[in-house]
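Everything below concerns the one structure shown next.
There are 2 protein chains.
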Amino acid sequence: MMNTQLTLTSFIQRAEKYFPQKQIISRTLSGIHRFTYGQYVKRTKRLASALTSLGMEKGMKIGTFAWNHHRHLEAYFAVPCSGAVLHMINIRLSPEHLTYVINHAEDKILLIDEDLIPLIENIQDKLATVEKYIIMTDKQELPETSLSPVYSYEDLLQKSDENHPFDEHLDENAPAGMCYTSATTGNPKGVVYSHRGIYLHSMSIGLVDTLGISERDTCMPVVPMFHANAWGMPFAAVWFGANQVFPGPGMTPAIIAELITQEKVTFTAGVPTIWLGLLKELEKGDYDISSLRALICGGAAAPKSVIRAFENKYHVPFIHGYGMTETSPVATLSTLKSGMVDASKEEIIEVRAKQGLVVPGLDIKIVNENGEVPWDGKTMGELLIRGPWVADEYYKDDRSADAFKDGWLYTGDIAVMDMEGCIKIMDRTKDLIKSGGEWISSVDLENALMSHEAVFEAAVVAVPHEKWQERPVACVVLKDDYHGKVSKDELLEYLSRQFAKWWLPDDVLFMEEIPKTSVGKFLKRALRDQLKEQYSNN
Amino acid sequence: MMNTQLTLTSFIQRAEKYFPQKQIISRTLSGIHRFTYGQYVKRTKRLASALTSLGMEKGMKIGTFAWNHHRHLEAYFAVPCSGAVLHMINIRLSPEHLTYVINHAEDKILLIDEDLIPLIENIQDKLATVEKYIIMTDKQELPETSLSPVYSYEDLLQKSDENHPFDEHLDENAPAGMCYTSATTGNPKGVVYSHRGIYLHSMSIGLVDTLGISERDTCMPVVPMFHANAWGMPFAAVWFGANQVFPGPGMTPAIIAELITQEKVTFTAGVPTIWLGLLKELEKGDYDISSLRALICGGAAAPKSVIRAFENKYHVPFIHGYGMTETSPVATLSTLKSGMVDASKEEIIEVRAKQGLVVPGLDIKIVNENGEVPWDGKTMGELLIRGPWVADEYYKDDRSADAFKDGWLYTGDIAVMDMEGCIKIMDRTKDLIKSGGEWISSVDLENALMSHEAVFEAAVVAVPHEKWQERPVACVVLKDDYHGKVSKDELLEYLSRQFAKWWLPDDVLFMEEIPKTSVGKFLKRALRDQLKEQYSNN
C-alpha cells in the first residue's frame, strides 16, 4: 500500500474541492457571520501565509486564546497544515496557570480574542517566549492594548496570499496541536496531538456506531475549542464537509437554543450544565430543536432526569460520551446496540445514563487489586485505555510516569463494566469515598440527589471519620422554588429507597452554589478542604 | 500519541469482547449454518492453532479456494492475525492462471472447498510450492481426492486449541492478504494488502458518508470473498459487530432473494448482473426486500432502468461504487450530498448512475493530454487515485511501472468529473473508441441500449475503420420475449435520441450471449478479436 501520511492537510483539501458551498456560521461580538467553505479555505491559506511571514516555522507552537468561532477554525488548520503546532489555550485558567502553560509550551505567537486581551495583558510581563500578538476582532481599528508587538488578524489576512500552499509532505507522527489538562495538584499537564492521532480520531467519530458526523450534519460544538479540540468535532466536520455553527463568546442557554432553532443544528456537544441550562430555557421560549439528530454530553455524567427530558419530551437521543484530553478525546459512547431495538423508554434511559461502549480502535479495561473486574455492573476498578489516539506522555512532564504505565493510560476514573461491555464512571479515584474498606461512589449519590424534583445541583464528598476512615456528606443547591421547603431528612429518605444504609450521607448541607473548576466540573477538592475543617471543628 | 499498530487482531478481539451474541449465517452445501461471533472467534483461534501446527509462520502465504461462507471468514482472520498472509484465490481463473497465481504467490497451504477440489487436482502436478491441502467440508469423511497430503478442516479444528492467542505485536505495514487482478494480457497481477491498509479501509466504509457499515447491519457480501476482499465488507463487519450472511456455493437470484427475505439483510453488495437477476426474480416470487437499507453495485455500471427499479419500486437506495483490486477496493460512491434533499426521483437516479464522490482518505484526479480535466461532466480523461489503502506496486511484477507513477495509481479507466466532484466512468482506456480523433464511450452506448425495454445485455466495441481509425459496433442480447421483434434500425433510432450521429454504432449484431470474464464483466477483447476478423473479411 502507498505510504500516504495521515495528515490534516488532506482534510482541508477535501473540503476545498468537494464542499465549497457548505456553510460555516459563527456568532461574533458584532453578530452572525456566515461564509462558505470555499471562502474559509482561502482565508485559512491567507492566515497560513501571514503567520509564515511573521516567522511561523515547522514545530513552532502558536497559541490561540479564543472562543468558538470561524477565526479559531481558521487557526485550527492554518497552523498544523503548515507543520506548526496549535496550542489551544484554556481561557479559564488562573493567571498563574496561564503563564505556566504559555511558557511551558514555548508559544511564539498568540492569537487572542478582542474581549480576552486583558487576561493576557495581565500576565504579559511573565511570558518568556511570546514574540508577537495577533488580535482577532471584527473592528477596523485595533483596540487599545499594552500588548506589543501587536497585529490585527484581518489586516494580516488582507495583505497575504490566498493561494499559499499547505504542507503536503508532513510526517503523520508530527505534532499538530496541543491542549493542557488540569491536574489535581500543581500545574496543568500538556498533551500533544499528532496528525495521525487527529486523523484516526476524526475517522472514528464519523462512524455510524459512534458520533456519525457526516456531510449531512450541521454541527455545533458548544464545548470550547480549547477543550480537547472541541472533542474533535471541528476537524471531522471540515473533512466530511458538514456545516458548522460556532456559538462565539459568552454564550447563554438562550443563545444555544436560538442557534439550534435558526440554523437547524443536527448535532451538538457539551457538558451537563449546558444541557441542564438548555432544558430550562426551552421551557421559557419559543424554540424548535427537532432538527437535532443527537446531542453529546461529556465531561461529567448528566442526571437521568435531564436524559429523560431530551429523550422522551424532545425526542433527541442523548448520548453520553467519555473521554479525556489524553484520549483526543472520544473513548466511549452510550450509543444503543441493535439488541435495544425493542427496549422500553426507561431501559433506553438506563443505557444512556452510562458512558457506554468503547469506540472501534481503542481498547479499555477496568482493573482493581484483583486484576480485571468481572462484567457485573457492580465491581469498581480504575479505567485503563490504550489506542492510536491516546497520549503516551505529558509534554515534558515528570508526572507522565504516574499516568502512562505498561502501554496503558491510567485514567484515574473509577468505573464498572456491565454485561454488554458498557462502562459506567462511578467516580474519580480521588473522589471515591472509602468507608470501612468498602467503596462508595459520590457520583451515584449525586445523580440520585439530582433526580429529586427540588434539587438543582448536588456534590457528595468524603469527610474524615474516626471509625470508618471516610464518610459521605452531601452538598445540595435547591431549585429557586424549593428554598426552605425541603429538609435533610426528606432527602435522606429519598436516597434510602435506592441505596444501602451505609451509603447514605452522614449529613446534607444546603448551599447557594457549588464551587466549580474552569471546565465547569464540581471543585470537590475545595469542598473537601472546607468540610474537613468544618467537621474537625465540630 | 501511543504507537498503536493498526492491525486486524484488534478487529476480532473487539468482536469477541463486545458482540459474542451477534450472528453469522452461512449457506453451505448441506443447508443453512448459524453460529455466533463467540463461537466464530473460538473456531478462528482453533484454525490459527491448526495452521500453526501445520507449519504456518510469519509472512507465509496461505491460499483459500472457496465460496463465501463461514469457514472462509475464519481463514480471513486466522491467517493474518497469526502474521501470515491470506491469498484469496479466484476460483474462476483458467487452469493456467490458477497455476500461475499459486506458484507466484508461493502458497504453502491451500484451503479448498469440497466442490472445487477437481479444479486443484487438475493442476496439482504443476504446483511448485504447496505442501498441504485442507478440505473444507461439512461431511465426516474426507472426499476421495488425489490431493496429498490432505487434511479435513473440521478434523484439524477439533484437535486444536480454542484459546490459541492471536499475534498482538504485528507491524501495521506487514502484509495481511493478497488478491490477484486479471490483466488485459498476460498473467494476473498480485496486490498485497497490509494490515494498515485494511484497517483504514474498514474504518472508511463504516463512515456515514460512505457505506455506513455498523453494528445494526446484517451484511451479505454477494461479491465473492476472492474479489478484493469481498469489497472489504467481512473485515468491517467483524470489527463493528454486524451480523453477516454468506450466500455460499453456486448461488442463484432465488437464493439471494430468499436470504434477504429470511435473514432480513440490511446491506448487500455485488455486480450489476446480480441485481439484474434479482429484479427478475423479485417479479416471480413472494419475497420481501424491505429490510435493505442500501445495496451497493460495483465492478461495472448498472443500467438506469435497474437503478430506477430498486430506487422507485422497491425503495432501496442503489449506490454505485467504484474501485479496483488495487484500491482495497472502495474508492468512490454515488451517495447523495445533502444538497440533494429536495431532488426529484429522476435527479436522484441521475446521481446514482454515476460512480460518485471519492471517499474520505483517498485522493483522485482525472487527466488527459492537457492536464486535469475541467469539472464539466463531459471532458474525458484517465482516472488517477492515491491514498493509504491504494497499492503502490504489483507483487513481484515488472508491470508495476506501467500503473504506478509519480505516487498515483493510473487506473486505466476513462472518466469525467461533474460540477459536484462526482465521477462517471466512461470506459476502460482500452475499450474507448477513438473515432476521427474524438472519443466515444462504449459504456455510455451500452447503458443507453440496456435501457431499451427489449434489450437484456449490450456490449459496444471498436472495429478498425479505414477513414475514422475506429468505429463502434453494438453486440446485443434481446430479452426472451423480444427475439426477432426488434430491428437494428429501431435500436439505432432509439440511440439517436440521446447521442450525436457520429456516436451511433455502425452496426448492431444480435447475439445469444456476450462472452464474460471470470468476474462477470463483458469480455470485450474476445468480442473485438471476433469482430475484427468479421469486418476485415467483409
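Protein chains in written order, with the numbering used here: chain A, 1 to 538; chain B, 1001 to 1538.
Note that CB positions come from ideal geometry on N, CA and C, so glycine has one too.
It should be emphasised that the depicted structure is a prediction, and the values quoted were computed from it without experimental measurement.
Do residue j and residue i have their beta-carbon atoms positioned less than 8 Å apart in this structure?
i	j	result
residue 351 of chain A	residue 380 of chain A	no
residue 1397 of chain B	residue 1190 of chain B	yes
residue 1328 of chain B	residue 363 of chain A	no
residue 262 of chain A	residue 24 of chain A	no
residue 1273 of chain B	residue 1220 of chain B	no
residue 1 of chain A	residue 1249 of chain B	no
residue 1301 of chain B	residue 1425 of chain B	yes
residue 7 of chain A	residue 258 of chain A	no
residue 370 of chain A	residue 345 of chain A	no
residue 1068 of chain B	residue 1235 of chain B	no
residue 210 of chain A	residue 390 of chain A	no
residue 495 of chain A	residue 531 of chain A	no
residue 524 of chain A	residue 463 of chain A	no
residue 218 of chain A	residue 266 of chain A	yes
Compare the Cα-Cα distances from residue i to each of the options and report the closest residue.
i	options	result
residue 81 of chain A	A/495, A/48, A/110 and A/72	A/48
residue 1434 of chain B	B/1472, B/1410 and B/1388	B/1472
residue 115 of chain A	A/203, A/437, A/65 and A/428	A/65
residue 15 of chain A	A/241, A/325, A/341 and A/361	A/241
residue 480 of chain A	A/453, A/465 and A/467	A/453
residue 92 of chain A	A/72, A/32 and A/180	A/180
residue 1084 of chain B	B/1166, B/1144 and B/1343	B/1166
Kindly list the residues whose CB is nearer than 8 Å to the CB of residue i, restricted to its own chain and excluding five residues on each side of it in sequence; keep chain order.
i	result
residue 477 of chain A	455, 456, 457, 458, 510, 511, 512, 513 and 514
residue 1367 of chain B	1373, 1381, 1382 and 1384
residue 1183 of chain B	1189 and 1399
residue 337 of chain A	357 and 420
In chain order, what residues of the same chain have a beta carbon less than 7 Å from the beta carbon of residue i, not counting five sequence neighbours either side?
i	result
residue 1508 of chain B	1474, 1476, 1488, 1491 and 1492
residue 1123 of chain B	1095, 1098 and 1099
residue 993 of chain B	With chain B covering 1001 to 1538 only, the question about residue 993 of chain B has no answer from this structure.
residue 28 of chain A	69, 138 and 248
Got a sec? Which residues, its chain only, sit under 6 Å from residue i by beta carbon, not counting five neighbours each side?
i	result
residue 316 of chain A	292, 295 and 310
residue 1423 of chain B	1332, 1355, 1415 and 1417
residue 1137 of chain B	1114
residue 1164 of chain B	1045, 1048 and 1049
residue 375 of chain A	417 and 419
Do you know how far the Cα of residue j is from the Cα of residue i?
i	j	result
residue 1271 of chain B	residue 1297 of chain B	5 Å
residue 1034 of chain B	residue 1486 of chain B	48 Å
residue 299 of chain A	residue 318 of chain A	14 Å
residue 19 of chain A	residue 1332 of chain B	16 Å
residue 470 of chain A	residue 322 of chain A	28 Å
residue 307 of chain A	residue 237 of chain A	25 Å
residue 446 of chain A	residue 76 of chain A	37 Å
residue 409 of chain A	residue 1213 of chain B	29 Å
residue 1526 of chain B	residue 21 of chain A	46 Å
residue 1119 of chain B	residue 1103 of chain B	15 Å
residue 1160 of chain B	residue 1154 of chain B	10 Å
residue 1206 of chain B	residue 216 of chain A	16 Å
residue 1168 of chain B	residue 372 of chain A	19 Å
residue 303 of chain A	residue 1198 of chain B	40 Å
residue 413 of chain A	residue 36 of chain A	41 Å
residue 305 of chain A	residue 1280 of chain B	53 Å
residue 30 of chain A	residue 334 of chain A	38 Å
residue 522 of chain A	residue 224 of chain A	18 Å
residue 203 of chain A	residue 1145 of chain B	48 Å
residue 1061 of chain B	residue 1187 of chain B	19 Å
residue 442 of chain A	residue 288 of chain A	35 Å
Of all the CB atoms in chain C, is at least one closer than 8 Å to the CB of residue i?
i	result
residue 1220 of chain B	Of the protein chains in this structure, namely A and B, none is chain C.
Does the count of Cβ pairs from the stretch 54-63 of chain A and the stretch 104-114 of chain A closer than 8 Å reach three? Contact holds: three or more Cβ-Cβ distances are below 8 Å.
Any contact of the stretch 218-234 of chain A with the stretch 179-198 of chain A, i.e. 3+ C-beta pairs under 8 Å? Segments in contact, yes.
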